[in-house]
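The structure appears right after this line, and notes come after that.
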Amino acid sequence: MEPDDSGATDGGLEEIDADTGNFFEKLDSWVDGFFSLLPNIGIALVLLLVFWFAAGAIGRLLCRMGHRRDRPSLGEVGGALVRWAIIIVGVMLAITIVAPSVTPGDLFAGLGISSVAIGFAFKDILQNMLAGILILLRQPFEVGDQIVSGGYEGTVERIETRATMIKTYDGRRVVIPNADIYTDAVIVNTAFDKRRSQYGVQIGCSDDFDTACKIMEETCAGVEGVLDDPAPEALPWSMDADGNTVRLRWWTKSVRTEVSHTYARVIKEVYNALDKAGVDMPYPTRVLLFHDQTEETDGIRGKQREGWPRAPEGEPPAAARIESALRRSRAEDDGQGRDGRQGEGSAG
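The sequence shown begins at -2 in our numbering and counts up one residue at a time.
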């Protein structure tokens, strides 16, 4: 038993010594390989630095070109994309220098497979990036334009690859994904220098259309902010239940502040001018009659009083008396002229 035990022990030690020797041999070969690759690694690092500085210089050049052509956002985005593309190419070339067994074809094949996986994983991000590039290239609007998109209205602050940022008129920032802007309708309020505003003014049924339109046009033309070309115009537009409507149109600069401030001035001045000229501006008037359904004539057309109080014996119904009084009042107004006439929409 002792010889056998001593023989087994010696075999185990020999195996351990052999494994240790193999490990040191492999470590020695790795060190030798590393030192043999040192020149390749140095060349690869130099190549990376060259591509890095070249990418930065080309990116800055594209940014300056974009600023000179008044398209700074496109210059920044294009410079960033070209810079990263050059850096990726530099990394791939450096890998082929360090590991000569790896060919550029293998790298491009691996890049193609990984790009498909990345595309599925970051589909929304890539979609917004592509939409942002197309927006910058086609340029439907620029930084500083006032737009309406997705229910939000404001001034474009910045166009990035992922989203477009606008500042609303009440001082808030809205970040809208570029894919939404590119696929949905966008209103560009400042695409042109001029913008038309309009307002419907209601006048009395017995007022003259021509007189009212002339007053509105002359008054609107003298308001600050209203452009002379095209000139303001007032058009008879409709005959409504409470009066006749005139559509007043005028042009201003397309900037929001000009549009809103001029709009307020036009409404004020036109109202004052029409009121001074005696043109009636009625408001809706309704008469409510309460019927208690307790009289013998209720339900008989032509006889029921529809809520009017019962007339004394020998006198006409209340509705007939009111209609007669209105006719006499109108006849007196026609005789005295419009200066003494009480407007339909004025206070008593």
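Virtual Cβ for every residue (Gly too), placed ideally from N, Cα, C.
Beta-carbon to beta-carbon, isoleucine 55 and valine 79 are separated by about 6 Å, close enough to satisfy the 8 Å threshold.
By alpha-carbon distance to isoleucine 84, the top candidate from Ala51, Asp225, Ile94, Val256 is Ala51. Taking C-beta atoms as the reference points, glycine 201 and aspartate 272 fail to come closer than 7 Å.
Between tyrosine 268 and serine 194, the C-beta gap is not smaller than 7 Å, which leaves the two residues out of contact.
When C-beta atoms of the stretch 202 to 213 are compared with those of the stretch 143 to 158, fewer than three pairs fall below 8 Å, so the two segments do not count as touching.
Comparing alpha-carbon positions, the option among Val183, Leu45, Glu215 lying closest to aspartate 225 turns out to be Glu215.
Less than 7 Å divides the Cβ of alanine 231 from the Cβ of methionine 213. Comparing alpha-carbon positions, the option among Asp205, Ala41, Lys250 lying closest to proline 227 turns out to be Lys250. Between the C-alpha atoms of leucine 90 and leucine 35 there is a straight-line separation of about 16 Å. Residue burial annotation: glycine 151 is buried, with at least 16 other C-beta atoms found within 10 angstroms of its C-beta. By the neighbour-count criterion, in which 16 or more other beta carbons inside 10 Å mark a residue as buried, tryptophan 81 falls on the exposed side. By the 16-neighbour rule on beta-carbons within 10 angstroms, serine 146 is buried. For isoleucine 178 against isoleucine 130, the beta-carbon gap comes to about 13 Å, at or over 8 Å, which does not count as contact. Leaving aside the five residues that flank arginine 170 on each side, the residues in its chain whose CB is nearer than 8 Å to its CB run, in chain order, Glu154, Met162, Ile163, Lys164. Taken through DSSP and simplified to helix, strand or coil, tyrosine 280 comes out as coil. Sorting Arg66, Arg65, Val95, Asp67 by C-alpha distance to the C-alpha of valine 43 places Val95 at the top.
Beyond the five residues adjoining it in sequence on each side, methionine 126 comes within less than 8 Å, by CB distance, of Thr158, Arg159, Asn175 in the same chain, given in chain order.
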